[in-house]
Amino acid sequence: MSTVSVNSMRTGVRRSESRATAKRSAAPIGKKDGRAAWLFLIPFGIFYLAFLLGPTLYMFVMSFFNTSAVRTGLGKFVGLKNYAEMFSRADFWDAMWHTVLFTIYTTPPLVILAFVLAVLSNRMRRGQWFYRLALFLPYILPSGTISLIWVFIFTPATGLWAWVQELLGMTPGTGILSGEHTAMIGIAIATVWWTLGFNFVLYLAGLQEIPREIYEAAAVDGATEWQQILRITIPLLGRTTGLVLLLQIIASLKIFDQVYLMTNGGPGTSTQVALQLVTGVAFTDNRTGAASAASVLVFILIMIVAGVRQLVGRISARNEA
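FYI, in the UniProt record's numbering the residues of the sequence shown are 1 to 321.
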């Protein structure tokens, strides 16, 4: 046997031994990593089961019983009676419509303005940090602070909006929050100012993932800035826009704080939303079973919206492929 063949055999044996050693050493490391991961996940899992999944399942169960907040236990089983009651109540449908109307008022500006401001901020060479801070700062404020600010702004006699009306030569009226047809618009304006920063940050993160070389190549080919936005930025931010749109619709359908603090559902019930109706049925009427049925219906609405958005996203992705 030649020296070359012997050396090649030795090399093969060494490689096989090194691979076997690597597998033996990797196996216990993988097990250790898995155990460490479970140890870190167990506290979150406990809180998830105790404060989210558990109460959600209990809500579904209560929706089939005549449960009350003033007595213990689930109460009497009533089947679908709570759901039938909600479908027959005019105030439930009014609250659902007000929720959808608020979603229509807030979703388009919160998506479009966030995109425009993110593009403008990303193209600035100086002072970019200031605009990022200024646009995101309202989002970290609590809902109580936001409500107080905008209630003061919309105060009929002394508010900032009345001063703007006088400056423009207009006669100040009773106030935006005092009119049945304008109160929801006022809440929507406050919400847009408050939550714009979150969508702005998402778009800004998406813009920073787009390689600068693409814009440089487009500029060399003679593309204007508007053409670059239309042909490059918008298509490449398609997934970000889908995420922003989905999160915004879900957040708008779950509105409660602003309405409760700014108008308490008024004037009359012109701004009463779904979750406020649920709160009233549960803690004013003490009928937690009926309130659970209303909550389940709101949950189903949110799931339908999320499912439709996912379906549209998959269809558009298939068409692009």
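For glycine and all other residues, C-beta sits at the position ideal for the given N, C-alpha and C.
From the DSSP output, in three-state form, read off phenylalanine 154 for me. coil
With 16 other CB atoms within 10 Å as the buried threshold, where does leucine 196 fall? buried
Hey, how far is the Cα of isoleucine 229 from the Cα of threonine 158? 43 Å
Exposed or buried, tyrosine 48, counting other C-beta atoms within 10 Å across all chains shown (16 or more means buried)? exposed
Does the stretch 184-199 come close enough to the stretch 216-233 to have 3 or more Cβ pairs within less than 8 Å? no
Reduced DSSP secondary structure (H/G/I, E/B, other) of phenylalanine 130: helix
Tell me where the alpha helix (DSSP H) around glutamate 225 begins and ends. 225-228
Leaving out five residues before and five after serine 68 in sequence, what residues of the same chain have Cβ atoms less than 8 Å from its Cβ? Gly75, Asn286, Arg287, Thr288, Gly289
Using the Cα positions of histidine 98 and threonine 271, report the straight-line distance between them to the nearest angstrom. 6 Å
Would phenylalanine 256 and leucine 275 qualify as a contact pair, given that the criterion is a beta-carbon distance under 8 Å? yes
DSSP-derived helix/strand/coil call for phenylalanine 65: strand
Under 8 Å between the Cβ atoms of phenylalanine 200 and phenylalanine 136? yes
Cutting at 7 Å between CB atoms, please list the residues of its own chain near serine 25, excluding the five before and the five after it. Any reading at serine 25 is ruled out, since the residue's pLDDT is 48, under 50, leaving its predicted position unreliable.
According to DSSP, simplified to helix, strand and coil, what is phenylalanine 256? coil
List the DSSP bridge partners of phenylalanine 77. Phe65
Have a look at Val305, Leu247, Thr269, Ile302 and flag the residue whose alpha-carbon is nearest the alpha-carbon of aspartate 91. Thr269
Can you give the Cα-Cα distance for serine 178 and serine 143, rounded to whole angstroms? 20 Å
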